[in-house]
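Inspection log for the structure reproduced underneath, given as structure tokens.
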Amino acid sequence: MEFKELVNKRRSIRAYLDEKVNKEDIEKIMECVMQAPSWKNSQTGRYYVALSDEAKKEVLESLPEFNQNNSRNASYIIATYKTGLSGANSSEADLWGAYDLGLQNAYLVLEACELNYDTLIMGLRDTKKLREYFNIPEDEVILPVIAIGKRAKNHTVRNSKKIEEVLVIK
Ligand SMILES: Cc1cc2nc3c(=O)[nH]c(=O)nc-3n(C[C@H](O)[C@H](O)[C@H](O)COP(=O)(O)O)c2cc1C
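Structure, rendered in structure tokens:
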């Protein structure tokens, strides 16, 4: 798919069919994620994926009710980054780690779209529950849970800001 077409096709989807996501497709998505730029190529993103019914249920239960309803039937990718490895000084390290994870996650949702999956990035989740279930080390910051699956319903119309509202060129 042309890049611009892909960018316009990717939208947050909030209703999923009861269909499995292939492990092989997750691996293809990860190959693409690993091409994202990062501070000194530190690649601090880490991923925990729930494909089994048991793991999906655990992740579902870490979400608030509206995110549960929006992502039921989907599989889940939990994205984290390792702290203390990027940034010029310790006060900025976590910022750049988060920045790099965001870049990787952009690649992730676009490659998922390319492979005909839909996604929903969710910032509201119970990180303590996720950390326990996946045994996520304390030096990793847990950021989004990303639902991935096949859409059961289309997205609603999205309002995008006008370019003049966000751009200054001198
Ligand atoms: C960091 C982040 C956190 C988000 N958290 C949620 C969430 O908890 N629940 C939800 O339904 N959507 C969530 N979204 C999705 C946004 O609402 C969505 O990306 C935005 O409205 C733009 O729509 P689009 O993705 O369809 O282009 C989140 C998106 C981002 C990037």
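My numbering applies: residue 1272 is where the sequence shown begins, and numbers increase by one.
Even glycine gets a Cβ: it sits at the ideal position worked out from N, Cα and C.
All values derive from a computational prediction rather than experimental measurement.
Ignore the nearest five residues each way along the sequence and tell me which others in residue i's own chain have a CB closer than 7 Å to its CB.
| i | result |
| --- | --- |
| alanine 1423 | Ala1286, Tyr1287, Leu1288 |
| lysine 1308 | The residue you asked about is not lysine; residue 1308 is proline in the sequence shown. Hits under 7 Å: Leu1374. |
| isoleucine 1413 | Ile1349, Thr1351, Thr1398, Leu1401, Arg1402, Ile1407 |
What would DSSP say about residue i, mapped onto helix, strand or coil?
| i | result |
| --- | --- |
| isoleucine 1300 | helix |
| threonine 1427 | coil |
| serine 1283 | strand |
| leucine 1414 | strand |
| arginine 1402 | helix |
| isoleucine 1449 | For residue 1449 there is no data in the structure shown, the boundaries of the chain being 1272 and 1441. |
Which stretch, first to last residue, makes up the beta strand (DSSP E) that contains residue i?
| i | result |
| --- | --- |
| threonine 1390 | 1389–1393 |
| valine 1330 | It is not in any beta strand (DSSP E) - valine 1330 instead sits in the alpha helix (DSSP H) that spans 1324–1331. |
Can you list, in chain order, the residues of its chain whose CB lies under 8 Å from that of residue i, leaving out five sequence neighbours each side?
| i | result |
| --- | --- |
| serine 1357 | Ser1309, Trp1310, Lys1311, Ser1313, Thr1315, Ala1364, Trp1367, Gly1368, Asp1371 |
| lysine 1299 | Glu1382, Leu1386 |
| glutamate 1411 | Arg1317, Thr1351, Tyr1352, Lys1353, Thr1354 |
| asparagine 1344 | Tyr1287, Leu1288, Asp1289, Glu1290, Gly1420, Ala1423 |
| phenylalanine 1405 | Tyr1319, Ile1349 |
Is there a Cβ of chain D sitting closer than 8 Å to that of residue i, yes or no?
| i | result |
| --- | --- |
| lysine 1291 | Although the question refers to chain D, the structure presented lacks it and comprises just one protein chain. |
Can we count residue i as close to ligand 3, meaning its CB is less than 7 Å from some heavy atom?
| i | result |
| --- | --- |
| arginine 1429 | With respect to ligand 3, the structure offers nothing, as its ligand set consists of ligand 1. |
For residue i, report the span of its alpha helix (DSSP H) as first-last.
| i | result |
| --- | --- |
| isoleucine 1348 | No alpha helix (DSSP H) holds isoleucine 1348; the beta strand (DSSP E) holding it covers 1346–1353. |
| alanine 1369 | 1361–1385 |
| valine 1437 | 1434–1437 |
Using C-beta distances below 6 Å, list every residue in its chain close to residue i, excluding the 5 sequence neighbours before and after it, in chain order.
| i | result |
| --- | --- |
| arginine 1396 | Ser1333, Leu1334, Val1416 |
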